[in-house]
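J.: Input: one structure, supplied below.
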Amino acid sequence: MTKITRRGALFTGISLVGAAACSRESVDFPVYFNHGVASGDPGANRIVIWTRISAEILDAFSGVIPVDWEMATDESFRKNRRKGKTTADAGRDFTVKVDATGLKAGQRYFYRFRVGKNVSPVGRTKTLPAGAVEAARFAVVSCSHFGFGYFNVYDEIAKHDHFDAVLHLGDYYYEYGHDSYGGKTGEKLGRLVEPAHEIVSLADYRTRHAQYKGDSSSQAVHAAHPFICIWDDHETANDSWKTGAENHNVEDGDWDARRAAAMQAYYEWMPVRDPEPGRAKEALFRSYEFGNLLTLCAVETRLTARTRPLDYAQHVADLQTREGIGNFVQNVLGDPSRELLGAAQSAYVGKALKNSKEANQPWRLIANQVLMARLASPDLTSYKEADFIKDIEKVFPQIHEYIVLSPLGLPLNLDAWDGYPAARERFYTTVQEQGVTDLLVLTGDTHECWANKLETASGKSMGVELGTTSVTSPGTGAYFGEAAADFSAKLNAKNGDVIYHNMSHHGYIDLSLNQESGQANFVSIDTIYKKDYKAFTSKSFMIKKSNGSLVLEDK
Ligand SMILES: [Fe+2]
2 MTKITRRGAL
12 FTGISLVGAA
22 ACSRESVDFP
32 VYFNHGVASG
42 DPGANRIVIW
52 TRISAEILDA
62 FSGVIPVDWE
72 MATDESFRKN
82 RRKGKTTADA
92 GRDFTVKVDA
102 TGLKAGQRYF
112 YRFRVGKNVS
122 PVGRTKTLPA
132 GAVEAARFAV
142 VSCSHFGFGY
152 FNVYDEIAKH
162 DHFDAVLHLG
172 DYYYEYGHDS
182 YGGKTGEKLG
192 RLVEPAHEIV
202 SLADYRTRHA
212 QYKGDSSSQA
222 VHAAHPFICI
232 WDDHETANDS
242 WKTGAENHNV
252 EDGDWDARRA
262 AAMQAYYEWM
272 PVRDPEPGRA
282 KEALFRSYEF
292 GNLLTLCAVE
302 TRLTARTRPL
312 DYAQHVADLQ
322 TREGIGNFVQ
332 NVLGDPSREL
342 LGAAQSAYVG
352 KALKNSKEAN
362 QPWRLIANQV
372 LMARLASPDL
382 TSYKEADFIK
392 DIEKVFPQIH
402 EYIVLSPLGL
412 PLNLDAWDGY
422 PAARERFYTT
432 VQEQGVTDLL
442 VLTGDTHECW
452 ANKLETASGK
462 SMGVELGTTS
472 VTSPGTGAYF
482 GEAAADFSAK
492 LNAKNGDVIY
502 HNMSHHGYID
512 LSLNQESGQA
522 NFVSIDTIYK
532 KDYKAFTSKS
542 FMIKKSNGSL
552 VLEDK
């Protein structure tokens, strides 16, 4: 692992500020590319390429660093060469982002950056294909917490050259400090997060990004593939919504300032296209067309429109009678004003799906943060006295209220689409209005593997959902110990929409789609606690068309 110290240079006096200089062509101080290179947001003729400039003097440097970039279809940078100039400065934390245009569709490119004589590592990327496209293949990941383990999942994905893109479904990093989620494991592994405290300010978010981009496996996967990223809650703070977050308190200051800081650092440090002028930063929803094969819509369900998630702990008294439960389900949970996507985003997704349908593409994918399928809690009362509940209580103090309410069969997770049933029905209606009932929804967040049926409240099939487990963050299996298998069996028995559930593995989904059918391999790794690991396929499904929708068949 490359150890990065962003703020590590110490100076005595101010002479370096005056001494350090750069001309149009070069700088007179050593420059490094300590955070690797990355690419993302591919189009048929454009792609974002990224790096970050490091130098001992940067903390005191207020100038502009000239940066050259180049791309080519061969590693010696001779064929189909594109090149240009850009700059890096403190205003963007010396990150460099180029939206390279004029590229060929469906083409592998190599790219690198140069400052004077200093050359970055070479990255490999790929533009979207156009026209007749036989197949596409994705690595689908989410939930990469630095402290919980090594990013072996990234390392494994980096070894393969058969992916068109890596889809990162959010929780790319976590906001917590040493004293919180992942801190103990991080201490054992020598992977304590930087800064040590929970990140709140712009400097904090930048430092956390820098640490993640300093990880060797993270650098390897970014250098190997373009990323299509959506953020979930932890890119700002836990369980965030439009105007707040569960993990944002009065002492953290103003939410809008924190949210703005998080988004600024995200756009600086991630290989995603900056918002068009005039468009809100939080509106990170985009679509990607793979010729005549598929459209992928990447949605934003946190900061654009989301209403505050409900919390059962505040409704225990309401849920003591049959009438109270009915009222909660109908009028509180089911309140139609509760929103996830918002009108502008819904219209955008609807249009993309309509275009896909009209172009006769066989596949319509949604890259999404939180579980869309219905998932009711099984009866957990038999676990009431179990030792593992005490451990869960430390990270989830409301567990006792959950246990008491669990026989009611209410949604397991109110932060998922289940907490916004009216918004989910509206989304399904928008989708159906485009003549679409065959969504392939890709989901992160849970740290567990899922294959689910998607249905409207009235039982109309809308497609299937594949949930990817985490890169490192613990699934419920890590907390339930010996009861994990029993809990999973109870959950499956309670929920007819769940086809497959694995709560104990870390890994990714290897998703291949061709004109006729698809295949989803749940790839797991055997450890995140040492760098020597083995990867294996824990489950495979064929994805087939059936009656205007999709079905999953065991493979
Ligand atoms: Fe997560």
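Taken in order, the sequence shown gives residues 2 to 556; the numbers are from my numbering. The beta-carbon is built from N, C-alpha and C at its ideal position, and this holds for glycine as well. Quick caveat, the model's predicted, so the values are computed rather than measured.
How is N119 classed by DSSP in three states: helix, strand or coil?
T.: The answer is strand: DSSP assigns N119 an E or B state.
J.: When the Cβ atoms of the stretch 124-131 are set against those of the stretch 224-241, are three or more pairs found closer than 8 Å?
T.: Result yes; three or more Cβ-Cβ pairs closer than 8 Å.
J.: Assign T302 to buried or exposed, taking buried as 16 or more other Cβ atoms, counted over all protein chains shown, within 10 Å of its Cβ.
T.: Classification for T302: buried.
J.: What separation, rounded to the nearest whole angstrom, lies between the Cα atoms of G327 and W242?
T.: Their Cα atoms are separated by approximately 26 Å.
J.: Between A61, I54, F62, K80, which has its C-alpha nearest D69's C-alpha?
T.: Selected option, being the one with the closest Cα: I54.
J.: Are there three or more Cβ pairs, one per stretch, closer than 8 Å when the stretch 465-477 is compared with the stretch 143-151?
T.: The answer is yes - the stretch 143-151 touches the stretch 465-477, with three or more Cβ pairs under 8 Å.
J.: Could you name each continuous beta strand (DSSP E) segment of 3 residues or more that falls completely within the stretch 199-244, going from the start of the chain to the end?
T.: Runs of the beta strand (DSSP E) inside the stretch 199-244: 227-230.
J.: Could you tell me the alpha carbon to alpha carbon distance between A306 and N332, rounded to whole angstroms?
T.: Taking the straight line from one Cα to the other gives about 20 Å.
J.: Would you identify the three-state DSSP class for V141, choosing helix, strand or coil?
T.: Note: V141 maps to strand in three-state DSSP.
J.: Give the single residue among E71, N81, Y151, F95 whose Cα lies nearest to the Cα of G508.
T.: It is Y151.
J.: Please return the same chain residues whose Cβ sits closer than 8 Å to the Cβ of L294, not counting the five positions on each side in sequence.
T.: So the list reads P130, V134, E135, A136, A137, Q362, P363, W364, L514, N515, Q516, once near-sequence residues are dropped.
J.: What is the rounded straight-line gap between the Cα of E340 and the Cα of I66?
T.: In a straight line, the C-alpha of E340 is about 44 Å away from that of I66.
J.: In or out: G9 buried (at least 16 other Cβ within 10 Å) or exposed?
T.: Low local confidence applies: a pLDDT of 30 at G9 is under 50, so the model's placement there is unreliable, and no value is given.
J.: Quick one: what's got a C-beta closer than 8 Å to T3's C-beta in the same chain, skipping five residues either side?
T.: Its pLDDT being 32, under 50, T3 is placed unreliably by the model, and nothing is read from it.
J.: I'd like to check one pair, S525 with F542: are the Cβ atoms closer than 8 Å?
T.: Contact: no.
J.: Do the CB positions of W51 and K98 come within less than 8 Å of each other?
T.: It is a contact, given that the beta carbons lie within the stated cut-off.
J.: Identify whether S407 lies in helix, strand or coil by the three-state DSSP scheme.
T.: In the structure shown, S407 sits in a helix (DSSP, three-state: H, G or I).
J.: Taking T430 as the reference, give the member of Y173, P398, E456 with the closest Cα.
T.: It is E456 whose Cα lies nearest to the Cα of T430.
J.: Where do the N-terminal and C-terminal ends of the beta strand (DSSP E) with P67 fall, by residue?
T.: Where P67 is concerned, the enclosing beta strand (DSSP E) stretches over 66-73.
J.: Looking at the structure shown, is Y268 part of a helix, part of a strand, or coil, going by DSSP?
T.: DSSP places Y268 in helix when its eight states are reduced to three.
J.: State the Cα-Cα distance for the pair A562 and F139, rounded to the nearest angstrom.
T.: As shown, the chain starts at 2 and ends at 556. That puts residue 562 outside it, with no answer to give.
J.: Looking at V371: is its Cβ nearer than 8 Å to the Cβ of D446?
T.: Cβ atoms of V371 and D446: closer than 8 Å.
J.: Inspect the beta-carbon positions of L415 and L376 and report whether they are closer than 8 Å.
T.: No; because the gap between Cβ atoms is not below 8 Å, this pair is not in contact.
J.: Around ligand 3, what residues have a beta-carbon under 5 Å from a heavy atom of it, in chain order?
T.: The model on display carries ligand 1 but not ligand 3.
J.: Please tell me whether E426 and T444 are closer than 8 Å, where the distance is taken between their beta carbons.
T.: Contact: no.
J.: With distance defined between alpha-carbon atoms, name the residue in T469, F114, L354, C298 nearest to A89.
T.: Closest by alpha carbon: F114.
J.: DSSP state of Y289, grouped into three classes?
T.: Y289 falls in the strand class under three-state DSSP.
J.: Could you tell me the distance, in whole angstroms, from the CA atom of D205 to the CA atom of G183?
T.: Near 18 Å, if we compare the C-alpha coordinates of G183 and D205.
J.: On the three-pair Cβ rule with 8 Å, is the stretch 312-331 touching the stretch 391-410?
T.: The stretch 312-331 vs the stretch 391-410: in contact.
J.: Go to V49, then tell me how far its beta strand (DSSP E) extends in each direction, as first and last residue.
T.: Per DSSP, V49 belongs to the beta strand (DSSP E) from 48-53.
J.: Below 8 Å on the Cβ atoms is my guess for F428 versus L342; work out the distance and round it to an integer in Å.
T.: Indeed they touch by this definition, with Cβ atoms about 6 Å apart.
J.: Between K282 and F95, what straight-line distance do the alpha-carbon atoms span, to the nearest angstrom?
T.: Spanning the two alpha carbons is a distance of roughly 20 Å.
J.: Per the DSSP calculation, I367 is bridged to which residue(s)?
T.: Answer is C298, V442.
J.: Under the three-state reduction of DSSP, which class applies to A136: helix, strand or coil?
T.: Looking at A136 - three-state DSSP - the assignment turns out to be strand.
J.: Would you list the residues sitting across from E247 in a DSSP beta bridge?
T.: In DSSP, E247 forms no bridge with anything.
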